[in-house]
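Undergrad:
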Amino acid sequence: MHGVSTFKTSTKVIENESHFLGILQYLKTEAPDVVVIGARGQSKIETMILGRISEKVIAQAPSSVFVVKNLD
Amino acid sequence: MKTREKPFKKILVGVDFSDASKAALAESCRLARQQDGTLYVLHVVDISMLESIGKFSHFSEPEIISSIEERLRAFCNEVVGNFSEIHLTVKTGHPVKDFANASEEIKPDLVVLGAWGSIPHSDQTTGTTVKQIVQECKTDVLLMKPRESDKFSKVVACIDFSNYDVPIIRAANQLCISDEATLEIIHLFFPPWKNESLLTEERLVVSPDFEIEYRAVLRV
Chain Z
621 MHGVSTFKTS TKVIENESHF LGILQYLKTE APDVVVIGAR GQSKIETMIL GRISEKVIAQ
681 APSSVFVVKN LD
Chain Y
214 MKTREKPFKK ILVGVDFSDA SKAALAESCR LARQQDGTLY VLHVVDISML ESIGKFSHFS
274 EPEIISSIEE RLRAFCNEVV GNFSEIHLTV KTGHPVKDFA NASEEIKPDL VVLGAWGSIP
334 HSDQTTGTTV KQIVQECKTD VLLMKPRESD KFSKVVACID FSNYDVPIIR AANQLCISDE
394 ATLEIIHLFF PPWKNESLLT EERLVVSPDF EIEYRAVLRV
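Those protein sequences? They're chains Z and Y, same order as listed.
The opening residue of the first sequence carries number 621 in this note's numbering; numbering runs sequentially from there.
The opening residue of the second sequence carries number 214 in this note's numbering; numbering runs sequentially from there.
1. Thinking just about the alpha-carbon of each residue, which of Ile266(Y), Lys304(Y), Glu397(Y) and Gly250(Y) is nearest to the one in Asp229(Y)?
2. Using the Cα positions of Asn262(Y) and Lys235(Y), report the straight-line distance between them to the nearest angstrom.
3. Helix, strand or coil: which one does DSSP assign to Ile643(Z)?
4. Is it the case that the CB of Leu285(Y) approaches a heavy atom of the ligand FMN more closely than 7 Å?
5. At what residues does the beta strand (DSSP E) containing Ser362(Y) begin and finish?
6. Identify the contact partners of Thr631(Z) in chain Y, using a Cβ-Cβ distance below 8 Å as the criterion.
7. In whole angstroms, what is the alpha-carbon distance linking Ile224(Y) and Glu361(Y)?
8. So, is Thr631(Z) buried or exposed, given that buried needs 16 or more other C-beta atoms within 10 angstroms?
9. Within this structure, are the beta carbons of Tyr253(Y) and Pro321(Y) separated by less than 8 Å?
10. Using CA coordinates, which residue listed in Leu355(Y), Ile299(Y), Pro275(Y) and Asp373(Y) is at the minimum distance from Thr251(Y)?
11. Just to confirm the assignment: which complete beta strand (DSSP E) runs, minimum length 3, are found wholly within the region 218-301 of chain Y?
12. Are the C-beta of His660(Z) and some C-beta of chain Y separated by less than 8 Å?
13. Between Lys628(Z) and chain Y, is any beta-carbon pair separated by less than 8 Å?
14. Would you say Leu644(Z) lies against chain Y (beta-carbon separation less than 8 Å)?
15. Anything in chain Z within Cβ reach of Val354(Y), meaning under 7 Å, just list it in chain order.
16. What residues of chain A sit near Ile381(Y), judged by a beta carbon separation below 9 Å?
17. Mind listing the chain Z neighbours of Ser366(Y)? Cutoff is C-beta to C-beta under 9 Å, in chain order.
18. If you run the structure through DSSP and keep just helix, strand and coil, what is Phe686(Z)?
19. Counting only beta-carbon separations shorter than 8 Å, does Tyr427(Y) have a partner in chain Z?
20. Which same chain residues end up closer than 6 Å to Ser684(Z) when comparing Cβ atoms and leaving out the 5 residues on each side of it in sequence?
21. Given 8 Å as the limit, is there contact between the region 270-286 of chain Y and the region 308-321 of chain Y, that is, 3 or more CB pairs closer than that?
22. Does the separation of the CB atoms of Asp232(Y) and Pro359(Y) fall below 8 Å?
23. Ignoring anything shorter than 4 residues or poking outside the region 373-404 of chain Y, list the alpha helix (DSSP H) runs there in chain order.
24. Do you know how far the Cα of Val688(Z) is from the Cα of Gly596(Z)?
25. Straight-line CA distance for Glu666(Z) to Phe269(Y)?
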């Protein structure tokens, strides 16, 4: 898994009709200290500075948010 | 590739003296100590606010700026203690534009901000200025909310099979390592057979086992 060296790691696939609500619900239930998201998602629209889902997560996440902008 | 190629050596943190920016400064200092990094603390005095104060106060602008610099020093001393690798700057201008300009000059590995400003929304959602700074900055941004623990115990990484996935996992891993935090990698999935835009006469015809096969691939 891309060389993850963290102590404990798990993966989950979550079904939800809204990506944003699915993430928000998960964050409310699991209460992590921080959520890491990409500035943009699968959208290929280069002019979009922040993806719609990222923007909503930034606005409403109950936890701290780490926004990955640098792809290097 | 166990961690980010570029650890958080240079951290730019925005301070507006709010509780959230106190959390941002404390976390920045913690990361800088862990990674032998340097902190750049910036407070931007809104020029329009400064002009308004100037009209109704007997203090000159240099006196006001000097008093804000003193307040910033005291704020940093209280939060980071004797950490020496720290540079304090007070700028006058537009909070979003001038913060972004400073970020361009310093070229930090990470920008850290409080998730909301000195006037938090009643529902504690992220403030408008903060959102605009996230949009303007070209580097990774950590938005901190005040919390009880000074360590991370759980980090969630959201992936969507885009080219952000690897840097997302690297960054999450970087945040987890020092604290031995748990990393949860999640992917949100919306079944295509529930997508109403596909429910047309021209939609793909799938076998009865399609849903079972699809879920098996995703291990839902």
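We treat Cβ as the ideally placed atom computed from N, Cα and C, and that holds for glycine.
TA: Based on what the coordinates show:
1. The residue labelled residue 229(Y) in the question sits at position 16 within the second sequence. Closest option to Asp229(Y), Cα to Cα, is Lys304(Y).
2. In the second sequence, counting from the first residue as 1, residue 262(Y) sits at position 49. In the second sequence, counting from the first residue as 1, residue 235(Y) sits at position 22. First, the residue type needs correcting, since residue 262(Y) is Met and not Asn in the sequence shown. Rounded to the nearest angstrom, the two C-alpha atoms are 22 Å apart.
3. Counting from one through the first sequence, the residue named residue 643(Z) turns up at place 23. DSSP places Ile643(Z) in the helix class (H, G or I) of the three-state scheme.
4. This structure lacks the ligand FMN; in fact it carries no ligand of any kind.
5. Taking the first residue of the second sequence as 1, we reach residue 362(Y) at position 149. Careful: Ser362(Y) lies outside any beta strand (DSSP E) and carries neither H nor E.
6. Within the first sequence, residue 631(Z) is the residue found at index 11, counting from 1. Under the 8 Å cutoff, chain Y gives Glu397, Ile398, Ile399 and His400.
7. Numbered from 1 along the second sequence, position 11 holds the residue referred to as residue 224(Y). Numbered from 1 along the second sequence, position 148 holds the residue referred to as residue 361(Y). Computed Cα separation, rounded: 22 Å.
8. In the first sequence, residue 631(Z) corresponds to position 11, counting from 1. Answer is exposed; the Cβ neighbour count stays below 16.
9. By one-based count along the second sequence, residue 253(Y) stands at place 40. By one-based count along the second sequence, residue 321(Y) stands at place 108. Between Tyr253(Y) and Pro321(Y), the C-beta gap is smaller than 8 Å, which places the two residues in contact.
10. Taking the second sequence and counting its residues from 1, the one referred to as residue 251(Y) is at position 38. Among Leu355(Y), Ile299(Y), Pro275(Y) and Asp373(Y), the Cα nearest to that of Thr251(Y) is on Ile299(Y).
11. 223-227 and 251-259
12. Working through the first sequence from its first residue, we reach residue 660(Z) at position 40. The sequence shown places Arg at residue 660(Z), not His. Yes, contact with chain Y.
13. The residue you call residue 628(Z) lines up with position 8 of the first sequence. Lys628(Z) counts as touching chain Y.
14. Taking the first residue of the first sequence as 1, we reach residue 644(Z) at position 24. Chain Y contact via Cβ: absent.
15. Here residue 354(Y) refers to the residue found at position 141 of the second sequence. In chain order, Val687 and Lys689 make up the part of chain Z whose C-beta sits under 7 Å from the C-beta of Val354(Y).
16. The structure shown contains no chain A; the protein chains it does contain are Z and Y.
17. Within the second sequence, numbered from 1, the residue matching residue 366(Y) stands at position 153. What Ser366(Y) touches in chain Z: Pro652 and Asp653.
18. If you number the first sequence from 1, residue 686(Z) lands on position 66. If DSSP states are grouped into helix, strand and coil, Phe686(Z) belongs with the strands.
19. Translated into the one-based positions of the second sequence, residue 427(Y) becomes position 214. When Cβ-Cβ separations below 8 Å define contact, Tyr427(Y) makes no contact with chain Z.
20. Your numbering for residue 684(Z) matches position 64 in the first sequence. Cβ within range, chain order: Val654.
21. no
22. The residue labelled residue 232(Y) in the question sits at position 19 within the second sequence. The residue labelled residue 359(Y) in the question sits at position 146 within the second sequence. Contact: yes.
23. The DSSP assignment places complete alpha helix (DSSP H) segments of no fewer than 4 residues inside the region 373-404 of chain Y at 378-390, in order along the chain.
24. Outside the displayed span of chain Z (621 to 692) sits residue 596(Z), for which this structure offers no information.
25. If you number the first sequence from 1, residue 666(Z) lands on position 46. If you number the second sequence from 1, residue 269(Y) lands on position 56. No answer about Glu666(Z) holds up, because its pLDDT of 48 lies below 50 and its placement is not dependable.
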